[in-house]
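A.B. asks: In the numbering used here, the protein residues as written are 496 to 766. Here a beta-carbon is modelled for each residue, glycine too, at the ideal position from N, C-alpha and C. None of the values given here were measured: they were computed from a predicted structure. Submitted below is the structure of interest, expressed as structure tokens.
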Amino acid sequence: MTNLPSGHAQVLDLIRTSVARDGRFDGLAAGGSLLTGDLDRYSDLDLVVVVGDDHHSAVMEQRREIAAEWMPLLAAFTGEHVGEPRLLICLCADPLLHVDLKFVRADELERRIENPLVIWERDQTVSRSIARTEPSPLAVDPQWIEDRFWIWVHYAATKLGRGELFEVLEFLSFLRSEALVPLAQHVRGLTPRGVRRFEQRAPDLVPLVAGTVASHDWDECAAAVARCVEIYRSLRGQLSVPIGVGAEAEDASVAYLDTVVADGPAPRSAV
């Protein structure tokens, strides 16, 4: 970890030193770009703090105060909105840096998507927990996407027909992050990471996916939704393992979208 940007190295050292001298904690590990080796000056620090069983409840109640002792903390909130209440999302000052701290017991490391990078541990607590099980990496389920995609297309078409372009723009982003880009990564054999660093990981696909990005313009939104359908069909056709295609739902949703596009934008009504 000698090639870390100076700000990241400084904050990581502060946290490592604080954790190591506090008897409530048994280890510190890292995931994200620190684990994969592509951390740069714009990256977050994704850290896993291993808490001793006897101290877990108290630590979870005091996470914000503890984080403020480890680094110059500007703001912090917990991660319920991403389904991870163990997570404390922090903004650190001097340097200004996003730091994710996930507080876990050692046995919770046995259920994980990747093997974290051990930064520090007491009595090999982290290493032993990791050694007990194999990670279960995130995986894309093409059938899951197919079972939902045509419902999503119909939904986007209804918003387009009503002229709710901000809704359409938000939904286009959803389709990219939840369907198109994960499926493209699956077809390429890449680890799914949503749209994160997609420009670097699959540069040849960027012009294709860029066609799903629209401005607040009805015609652009209509073209972008249609482009999503085109891209999805192309990616589905590249799957190495066939899936069950919802042909009736596909035909009905695409026909509905075509009708909405042919009808054009609805007249604006007063609010």
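So, using beta-carbon positions, are L678 and L730 closer together than 8 Å?
C.D. replies: yes
A.B. asks: Assuming contact is defined by CB atoms lying nearer than 8 Å, are K654 and F669 in contact in what I supplied?
C.D. replies: no
A.B. asks: Any idea what DSSP makes of E673, helix, strand or coil?
C.D. replies: helix
A.B. asks: How should A705 be labelled, buried or exposed, when 16 other C-beta atoms within 10 angstroms of its C-beta is the threshold for buried?
C.D. replies: exposed
A.B. asks: Checking 8 Å against the spacing of the C-beta atoms, do I726 and L703 come in under that value?
C.D. replies: yes
A.B. asks: Keeping to the same chain, check which residues put their C-beta closer than 6 Å to that of L664; ignore five residues upstream and five downstream.
C.D. replies: none
A.B. asks: Per DSSP, which one or two residues make a beta bridge with K597?
C.D. replies: DSSP output for K597 lists V543, L582 as bridge partner(s).
A.B. asks: Spell out a yes or no on whether the stretch 705-721 and the stretch 617-637 are touching, meaning 3 or more CB-CB pairs, one atom from each, closer than 8 Å.
C.D. replies: no
A.B. asks: Rounded C-beta distance between H503 and L534? I'm assuming under 8 Å.
C.D. replies: 7 Å
A.B. asks: Out of D541, Y537, F520, which one is the CA nearest neighbour of L507?
C.D. replies: D541
A.B. asks: What is the DSSP secondary structure of D549, counted as helix, strand or coil?
C.D. replies: helix
A.B. asks: Could you name each continuous alpha helix (DSSP H) segment of 4 residues or more that falls completely within the stretch 648-723, going from the start of the chain to the end?
C.D. replies: If we require 4 residues or more, the alpha helix (DSSP H) runs fully inside the stretch 648-723 come out as 660-670, 676-683, 693-696, 701-705.
A.B. asks: Once you ignore the five residues that flank L569 on each side, which residues in its own chain have a CB closer than 6 Å to its CB?
C.D. replies: L586, A588
A.B. asks: Taking L612 as part of the beta strand (DSSP E), name the residues at either end of that continuous run.
C.D. replies: 612-616
A.B. asks: Ignore the nearest five residues each way along the sequence and tell me which others in S624's own chain have a CB closer than 7 Å to its CB.
C.D. replies: Excluding residues within five positions, the ones whose Cβ falls inside 7 Å are A601, D602, L604, E605.
A.B. asks: Drop a sphere of 10 angstroms on the beta-carbon of I614, count the other beta-carbons inside from all chains shown, and report buried for 16 or more, exposed for fewer.
C.D. replies: buried
A.B. asks: Distance, Cα to Cα, G547 vs R696?
C.D. replies: 38 Å
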